[in-house]
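Sequential numbering from 35 applies to the sequence shown in our numbering. These notes concern the structure reproduced below.
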Amino acid sequence: MWREKLNSGMTSSLNPVGVFLPYDAVFSDGPMSFDHFKQIVKSLSRTDTLFWCARLNLILADPHVDEKSKQQCCLDYFFTPQQIQVLNSYIKGRESSAKVSVVLRGTLLELIRWVCLLSSDHPDDGETFKKSKVRNAFAQVLLMASEFWGQRIYSGDVFGKGDTIEEKRRNALPITRRVMMETSIHPRPFEALVRGRTLFKDFMPLHYSGFDSAFHDTTGISIDSYYDCASMFLSHCINTEAKSGVGSKTESGIFTFAACVKAAPHMERQFRAYFNLQSCTTDEVRDGIWEKATEPDRFMNEYNLKPLRERPILAASGDRWIIVDPLLYVEQQSIGPLFQLMKNRSKKDANALTEAFGHSFEDYVGSILQRIYPYSGSQLAKRLCCNVRDEADSSVQIADFALDDISDIVLIETKTAFIPDDKVDPCYVESYLNCLQQRYCEDAGRKKGYGQLARSVQMLSSGKWKPADMDISQAKRIFPVLLVHDDLLDAPPHCWYFANEFRTALDPDTIEFGEWMVKGRFRVAPLVVMTISDLECLESSLSKFTLVDLLKAYSTTTPDRLVSLNNFLAASSAQFPLYRNRSLAADCDRILADGLRRVFPTRANISIVEDAEAKGE
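Rendered as structure tokens:
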């Protein structure tokens, strides 16, 4: 159980199973109710409680600690040995105890929203959790918040809706996305840093004239300084490969503006501008989540993560700061500058920015593919074609990229799209599906994403289009790949849904065994949804196997696409071993070294910050 498994040497699970422990299985002060929950939440000091939710989030996000140890650490803070024994007894006999999690990120996000609305700061805020009574109250609301989170996410008969299995799967789409959005716990900070800086420093200025000056004028900070600050906080304020253990008993994760400025006085203006962009007060979090709503008399399902997503650093009195959710903070490094620049822009300007970002993303994907498939000159076959155009009409784009493997062609279409939180509602499935359709298939008569892929295969099969500078006369099979910026699109059963929608859009002549579709002279594989994280992961690994072999195996094993490519890779490590992306790692080392050198010119400056963190300053 919890204590017994502490040193079992288990590795961290990427998708831990959450068990909703009944409140009255541990506590004997009556059954759980919303009124009881409100009463206890009101007894807690608001800022202290939010900071502890943030600290537990930091623990859960630590990639170097196994899941059991994380849970043990969280429980040891707030539960008595007797209560932990009760937890062990309850868990025993259910699922493998190695996969059980009591404290979930979704639990903490649920608790954060109610604490913001119902709690207020006590006179001794900052010291309240030293009292055993307060820690016990927090343990109570943790268990209650788990049950309420389950009620919010799984409200109604979500998985029972629909007469057929296909209808049930469609109805489950928004809920599975919401679950992944709120339970994913392992950020990839350095991948996000490299990706974001490359997109906004190297490519956005090519597609949006005056990007650098526009960003500085809007935010008060240059894009270079933005990522210098991000490098510092990724390295020193959350759990990363460079620094593990934040959130433990010796490292609280709390930092101060004064310590940052003391370590790098020349960066005071940049730090202040960066904090203005990334931080929010407890009142601002409350107003952003609740829009100044009054205390409800019943539990409410609505929840908007936008305030925390936009400004994931929490600021409190006494110069106390903490990253309230590491995953949302890391997300900011990959996409944040775009939304910072879009604030208060006209619809026309906002559309121009998102279009430029789409082109920048295509460039970023192209840079990875060109490293995988370099072209050394006319004496060698050109495997990769970029911006594939029709031979007869250069205004017609067939695909963003095409990989020529003689008898096999991989057509790749890149797509960036953003799904608002309010569209991911299990109660309004059609609204979510319409949103996916508009962003990934067709909008106002314009084909995009898998809709564009389907049209290209149709036109190639009919002979109406012929790719310039590419001989497809010997091609027999086509693998269509939708390469997306949104990592949540591989939440089950999204890949199945997109494959079905692609098949409908393609309108194949026949469908063969294994879901292969025949269109003209081509056999077409079911659509592959690949996330940018998948491609980044594959870059170095494709020196050991080919992309076509991977896609063939994926199509043979999972023709219905009920398993995402990411999960297929995880389950097929023997056949398709994955290796760390060497190019990304080198870029990360360079960005971190350059950024930290500008922020902290000497090692002594870095030590000031580390010493302050160790003292809880």
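For every residue, glycine included, the Cβ atom is placed at its ideal position computed from N, Cα and C. The structure presented is a predicted model; accordingly, all values stated were derived computationally and were not measured.
Straight-line Cα distance separating residue j from residue i
| i | j | result |
| --- | --- | --- |
| residue 470 | residue 111 | 42 Å |
| residue 539 | residue 199 | 21 Å |
| residue 345 | residue 253 | 13 Å |
| residue 279 | residue 93 | In this predicted model, residue 279 has a pLDDT of only 49, less than 50, meaning its place in the structure is not dependable; the value taken from the coordinates is given anyway. When rounded, the distance between both Cα atoms is 8 Å. |
| residue 560 | residue 445 | 12 Å |
| residue 357 | residue 237 | 28 Å |
| residue 533 | residue 109 | 43 Å |
| residue 490 | residue 438 | 16 Å |
| residue 316 | residue 562 | 43 Å |
| residue 325 | residue 201 | 35 Å |
| residue 145 | residue 460 | 21 Å |
| residue 635 | residue 260 | 17 Å |
| residue 131 | residue 355 | Legend: pLDDT at residue 131 = 49, less than 50; position of this residue unreliable, no value from coordinates given. |
| residue 362 | residue 543 | 45 Å |
| residue 588 | residue 513 | 11 Å |
| residue 443 | residue 591 | 20 Å |
| residue 214 | residue 522 | 7 Å |
| residue 565 | residue 115 | 44 Å |
| residue 299 | residue 399 | 38 Å |
| residue 274 | residue 101 | Only weak support exists for where residue 274 lies, its pLDDT of 44 falling under 50; the value from the coordinates is given anyway. Cα-Cα distance, rounded: 16 Å. |
| residue 126 | residue 118 | 12 Å |
| residue 184 | residue 141 | 9 Å |
| residue 367 | residue 487 | 30 Å |
| residue 281 | residue 90 | Low local confidence applies: a pLDDT of 48 at residue 281 is under 50, so the model's placement there is unreliable, with the coordinate-based value given in what follows. Each residue's Cα considered, the two are about 7 Å apart. |
| residue 220 | residue 603 | 18 Å |
| residue 307 | residue 243 | 23 Å |
| residue 171 | residue 453 | 36 Å |
Neighbourhood of residue i by C-beta distance below 7 Å, restricted to the same chain and skipping five residues each side
| i | result |
| --- | --- |
| residue 329 | 151, 152 |
| residue 76 | 152, 153 |
| residue 68 | 332, 333 |
| residue 320 | 150, 151 |
| residue 434 | 396, 421, 446, 447, 448 |
| residue 372 | 387, 391 |
Beta-carbon contacts of residue i that lie in its chain and below 6 Å, excluding the five residues immediately before and after
| i | result |
| --- | --- |
| residue 350 | 81 |
| residue 596 | 527, 530 |
| residue 314 | 345 |
| residue 262 | 629, 632, 633 |
| residue 409 | 416 |
| residue 240 | none |
| residue 189 | 335 |
| residue 568 | 599, 600 |
| residue 312 | 345, 347 |
| residue 162 | 79, 82, 156, 168 |
| residue 473 | 451 |
| residue 613 | 574, 575 |
| residue 230 | 367, 368 |
Identified DSSP bridge partners for residue i
| i | result |
| --- | --- |
| residue 420 | 435 |
| residue 154 | 79 |
| residue 442 | 439, 511 |
| residue 565 | 518 |
| residue 289 | 355 |
| residue 477 | 480 |
| residue 447 | 516 |
| residue 552 | 544, 557 |
| residue 501 | 424 |
| residue 347 | 313, 357 |
Rounded distance between the beta-carbons of residue j and residue i, thought under 8 Å
| i | j | result |
| --- | --- | --- |
| residue 615 | residue 574 | 5 Å |
| residue 554 | residue 496 | 6 Å |
| residue 447 | residue 516 | 6 Å |
| residue 441 | residue 502 | Residue 441 to residue 502, Cβ: 20 Å. No contact. |
| residue 143 | residue 216 | 6 Å |
| residue 405 | residue 617 | 6 Å |
| residue 364 | residue 211 | Contact flag wrong, Cβ pair sits at about 18 Å. |
Own chain residues within Cβ distance below 8 Å of residue i, not counting five before or after
| i | result |
| --- | --- |
| residue 475 | 481, 482, 483, 484, 485, 535, 539 |
| residue 235 | 257, 258, 261 |
| residue 546 | 552, 557 |
| residue 327 | 151 |
| residue 580 | 439 |
| residue 57 | 65, 66, 174, 177, 178, 181 |
| residue 232 | 398, 401, 621 |
Beta carbon proximity, residue i to chain C, threshold 8 Å
| i | result |
| --- | --- |
| residue 261 | In the structure shown, chain C does not exist; there is a single protein chain. |
Report the residue ranges of all alpha helix (DSSP H) runs contained in full by the segment 302–340; include only those spanning at least 4 residues, in chain order. DSSP runs (the alpha helix (DSSP H)) wholly in the segment 302–340: 302–312, 316–324.
Entirely within the segment 71–151 and at least 3 residues each: give me those beta strand (DSSP E) ranges in chain order. none
Length at least 4, wholly inside the segment 584–639: the alpha helix (DSSP H) runs in chain order: Listed in chain order, the alpha helix (DSSP H) runs fully inside the segment 584–639 are 599–605, 616–633, counting runs of at least 4 residues.
Which runs of the alpha helix (DSSP H) spanning at least 4 residues fall entirely within the segment 166–232, listed in chain order? 166–187, 199–217, 223–231
Can you give, in chain order, each stretch of the alpha helix (DSSP H) that sits fully within the segment 352–404 and has at least 4 residues? 360–376, all fully within the segment 352–404.
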